[in-house]
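Below is one structure; the comments refer to it alone.
Residue numbers (the working numbering), protein chains in the order written: chain A, 172 to 288; chain B, 89 to 199.
Rendered as structure tokens:
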């Protein structure tokens, strides 16, 4: 069964950092681009970042550039995002998603990140 | 403000057809045939229902169809069923600088 399982969410103070992980199974992780997409409470979907299959190429939404770093460990079938200088507006459910062409064909269940003092 | 514009809500009766529009620009929808649509039920993760403008993934009902004209993409759901009540999001590739953008989402109510 194809599966993505996020972890690492929680409560963090403004200005703090958090690292999310996404464990992949059921498909050949190392041959697929991967992404993070987030959804603030009661709001729509927002693309966060994408990394190529090898990890050589990364993309970020403007509001995340310089603060978030996406990475992957193909030997462990795991995707990461390091989130720094967190703000209240970063509060959201963070989903990892498998990329097929430029569509997100497999999604995890999400992990909640709350930025609050 | 989302890069792609969708109506906030649409509604229809069981058995009817509805269409959700998604308006972008010549830099995204107008240039690339890389529009996707997602269905999201409350408390659940999004699900891909259309990719590459009009391709249905395996297992997705053929009641869902996609199209594009100029800078506007559309999702049509025919033979509405109660289970179709959900939020729907469009998404388009916009080149290597933008990568992808989502629409603001459309809430479908089945009357």
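All C-beta atoms in this analysis are idealised placements derived from N, C-alpha and C, irrespective of residue type, glycine included.
Quick check on DSSP: helix, strand or coil for residue i?
i	result
residue 276 of chain A	strand
residue 173 of chain B	coil
residue 239 of chain A	strand
residue 143 of chain B	strand
residue 185 of chain B	coil
residue 200 of chain A	helix
residue 246 of chain A	coil
residue 149 of chain B	coil
residue 192 of chain A	strand
For residue i, which beta-bridge partners are listed by DSSP?
i	result
residue 131 of chain B	For residue 131 of chain B, which the question treats as bridged, DSSP gives no partner whatsoever.
residue 198 of chain B	B:100
residue 266 of chain A	A:208
residue 119 of chain B	DSSP, once it has assigned bridges, lists no residue as partnering residue 119 of chain B.
residue 108 of chain B	B:163
residue 217 of chain A	A:209
residue 271 of chain A	A:274
residue 156 of chain B	B:161
residue 222 of chain A	A:205, A:229
residue 138 of chain B	B:125
residue 286 of chain A	A:183
residue 180 of chain B	B:123, B:189
Starting from residue i, trace the beta strand (DSSP E) in both directions and tell me its first and last residue.
i	result
residue 91 of chain B	No beta strand (DSSP E) contains residue 91 of chain B, which DSSP labels as neither H nor E.
residue 252 of chain A	249 to 254
residue 176 of chain A	174 to 178
residue 258 of chain A	That residue, residue 258 of chain A, is in no beta strand (DSSP E); it is neither H nor E in DSSP.
residue 168 of chain B	Element bounds for residue 168 of chain B: n/a, residue is neither H nor E.
residue 191 of chain B	Note, residue 191 of chain B: premise wrong, no beta strand (DSSP E); not H, not E.
residue 181 of chain A	181 to 183
residue 113 of chain B	Neither: residue 113 of chain B is in no beta strand (DSSP E) and is coded neither H nor E.
Cβ of residue i versus every heavy atom of the ligand NAD: is any distance shorter than 8 Å?
i	result
residue 141 of chain B	The ligand NAD is absent from the structure shown, which contains no ligands of any kind.
**Study point:** Near-chain A residues of the region 92 to 106 of chain B - C-beta to any C-beta below 7 Å
**Key:** none
Exercise for review: Below 7 Å between beta carbons is the criterion; list the residues of the region 211 to 244 of chain A that meet it against any residue of chain B, in chain order.
Suggested key: 215, 216, 217, 218, 221, 230
**Study point:** Interface residues of the region 274 to 287 of chain A facing chain B [CB-CB below 9 Å]
**Key:** 274, 275, 276, 277, 278, 279, 280, 281
**Study point:** Contact set between the region 242 to 267 of chain A and chain B, restricted to residues whose Cβ is under 8 Å from the partner
**Key:** 266
Point to revise | Near-chain A residues of the region 162 to 183 of chain B (beta-carbon distance less than 9 Å), N- to C-terminal order | key: 175, 177, 179, 180, 181
Exercise for review: Using a Cβ-Cβ cut-off of less than 8 Å, give me the residues of the region 145 to 161 of chain B that come near chain A, in sequence order.
Suggested key: 145
Point to revise | Under 7 Å (Cβ pairs) to chain B, residues found in the region 173 to 192 of chain A | key: none
Check your understanding: Using a beta-carbon distance cut-off of less than 8 Å, what residues from the region 184 to 196 of chain B approach chain A?
Key -> 184, 187, 188, 189, 190, 191, 192, 193
Check your understanding: Can you list, in chain order, the residues of the region 127 to 143 of chain B whose Cβ is nearer than 9 Å to any Cβ on chain A?
Key -> 128, 132, 133, 134, 135, 136, 138, 139, 140, 143
Point to revise | chain A contacts made by the region 114 to 126 of chain B, where a contact means CB separation under 8 Å | key: 120, 122, 124, 126
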